[in-house]
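**Student:** In this note's numbering, the protein residues as written are 37 to 456. Every residue, glycine too, gets a C-beta built ideally from N, C-alpha and C. The structure presented is a predicted model; accordingly, all values stated were derived computationally and were not measured.
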RNA sequence: GGCCCUAUCGUCUAAUGGCUUAGGACGCUGGGUUCUCAUCCCAGUAAUCCGGGUUCGAAUCCCGGUAGGGUCACCA
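1. Report the CB separation of residue 433 from residue 347 in whole angstroms; it is logged as a contact under 8 Å.
2. Can the beta-carbon of residue 53 be found closer than 8 Å to that of residue 85?
3. Residues bridged to residue 156 by DSSP?
4. Take residue 247 and list the residues in its own chain whose beta-carbon comes closer than 8 Å to its own, dropping the five residues that flank it on each side.
5. Please report the straight-line C-alpha distance between residue 342 and residue 329, rounded to a whole angstrom.
6. From this set, 38, 63, 298 and 184, which residue's C-alpha is nearest residue 292's C-alpha?
7. Give the straight-line distance between the Cα atoms of residue 172 and residue 306, rounded to the nearest whole angstrom.
8. Quick check: what's the CA-CA separation for residue 209 versus residue 298?
9. Could you pull the start and end residues of the beta strand (DSSP E) that residue 184 belongs to?
10. What do you get for residue 350, buried or exposed, if any count of 16 or more other CB atoms within 10 angstroms of its CB means buried?
11. Which same chain residues end up closer than 8 Å to residue 179 when comparing Cβ atoms and leaving out the 5 residues on each side of it in sequence?
12. Could you give the residue range of the alpha helix (DSSP H) that holds residue 127?
13. Could you say which of 360, 366 and 344 lies nearest to residue 335 if we only look at CA atoms?
14. Where does residue 243 land, buried or exposed, given buried means 16+ other C-beta within 10 angstroms?
15. Give the list of continuous beta strand (DSSP E) stretches no shorter than 3 residues that lie fully inside the segment 170–250.
16. Is it right to say residue 266 is buried, meaning 16 or more other beta carbons lie within 10 angstroms of its own, or is it exposed?
17. Of all the options 222, 191, 228 and 219, which has the alpha carbon lying nearest to the alpha carbon of residue 205?
18. My assumption, with CB atoms under 8 Å, is that residue 413 sits in contact with residue 381. Please give the rounded CB distance.
19. In or out: residue 431 buried (at least 16 other Cβ within 10 Å) or exposed?
20. By the three-class DSSP mapping on this structure, what secondary structure does residue 466 have?
21. Following the continuous beta strand (DSSP E) through residue 144, name the residue where it begins and the one where it ends.
22. Beta strand (DSSP E) containing residue 440: first to last residue?
23. Using beta-carbon positions only, say whether residue 70 and residue 41 come within less than 8 Å of one another.
24. With a 10 Å radius around its C-beta and 16 neighbouring C-beta atoms as the bar for buried, classify residue 418 as buried or exposed.
25. Within the same chain, show all residues whose beta-carbon is closer than 7 Å to that of residue 441, passing over the 5 residues directly before and after it, in chain order.
26. Nearest by alpha-carbon distance to residue 251: which of 50, 262, 43 and 287 is it?
27. Determine the DSSP secondary structure at residue 314, reduced to helix, strand or coil.
28. Pick helix, strand or coil for residue 275, following the three-state DSSP scheme.
29. Within the same chain, show all residues whose beta-carbon is closer than 8 Å to that of residue 453, passing over the 5 residues directly before and after it, in chain order.
30. Using the rule of at least 16 other Cβ atoms within 10 Å of the residue's Cβ for burial, across every protein chain shown, is residue 15 buried or exposed?
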């Protein structure tokens, strides 16, 4: 039975790196019919942040990464919060103390390094070895009575029957310490797999200060969770058929640690934007309308959004672009003069539009193009001025479609306003 | 600095010793479609870090350099 876990500490918000690790753990568990456990490592009381726990749950849930056991939903190996397992750790400390693998130092307790060379066969990197003297006599219980990370992890993984430890590369140097504890305890050592670390453009590991790592940022920027997940799948892993767009379900079916690369990939926003655009394009129009409506908290009329969506669906890469693309449909903007013939163009357009009897999409086309011909305008210039007059921008969805949706009165009003 | 990990187009990656004039995708450039922008279609640009080996044959295996990253807490 395969059992994996992620073990974030509630010290802030939900980190994209946590999501990445969770994604691969989730896939490995599901692929192998195992369980995915979410454990909270909150043994540093000073660093625990109110609300961080909730942010982790929300972030992972948003991405569709669900867990089988965890602090919020329980499970047969709980509790899943380290601060609630203090008694458990004490028993293991006693074992180590009794067998001479640990000793008291001041008010703390240290592990006594047995000086054994350590190696393991990492599922993504192959054999990794450390000389025994690299491990110092590290603290396993702090003077406040709380266990340290390296100790608590081992005890929990043993008790929670974790079979595969799939985590970030930054934990490689912790692994020999943890293996030393397993050996001292005479417990079975799990399989380790160290994933590459996600990096920024400077090739450094993603930093809180200057990189977008808070999952909530992605949500508020208008990324779809499916798109973010798809993008994350592509970092360090590749589809066997070299497909770029696929869903979580397909990822799970095809996932294997053997296909995970060792080099740390760079988090490339450009590619994320492209993927997000792909998802935005293939989503159902009604669903997209609902998403936009919800995204803007009901600020824009749903009815109008639904009419506009067909015009902007393949122009959007992020939900946030809705306003720059179609904001003028809701609010008048300052008109923009583009060509020297602006007044002539707008007057002619006014004539053409006022002359339309039945407000139909096709009538607008005909009326406008006839005007262009009879006046001998340059088609591109005329429509550009028309667009700039109505929207205040040189870039909009097809302007005749916009005119149709805006309605005759509003169009005439805007045209005359821009002549002042 | 010690220890550890890594190294294919700018970026994500494929190729697991021969089928490779190193493939795909993002980006970028050019073209087609078009009232603008986008979508879509077509084309182009661009890489095996360097040096030694092993082998009939190396992006792929080995060694050495170099470069990048990670880690060296009573943080996790």
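**Tutor:** In this structure, then:
1. 4 Å
2. no
3. 164
4. 236 and 303
5. 9 Å
6. 63
7. 44 Å
8. 16 Å
9. Element bounds for residue 184: n/a, residue is neither H nor E.
10. exposed
11. 142, 143 and 144
12. 122–134
13. 366
14. exposed
15. 175–177, 200–204 and 227–231
16. buried
17. 228
18. 7 Å
19. exposed
20. The structure shown has nothing for residue 466, since the chain only spans 37 to 456.
21. 144–147
22. No beta strand (DSSP E) contains residue 440, which is instead part of the alpha helix (DSSP H) from 435–442.
23. no
24. buried
25. 343, 344 and 365
26. 50
27. helix
28. coil
29. 368 and 371
30. Lying before the first or after the last residue shown, residue 15 is absent from the chain, which here runs from 37 to 456.
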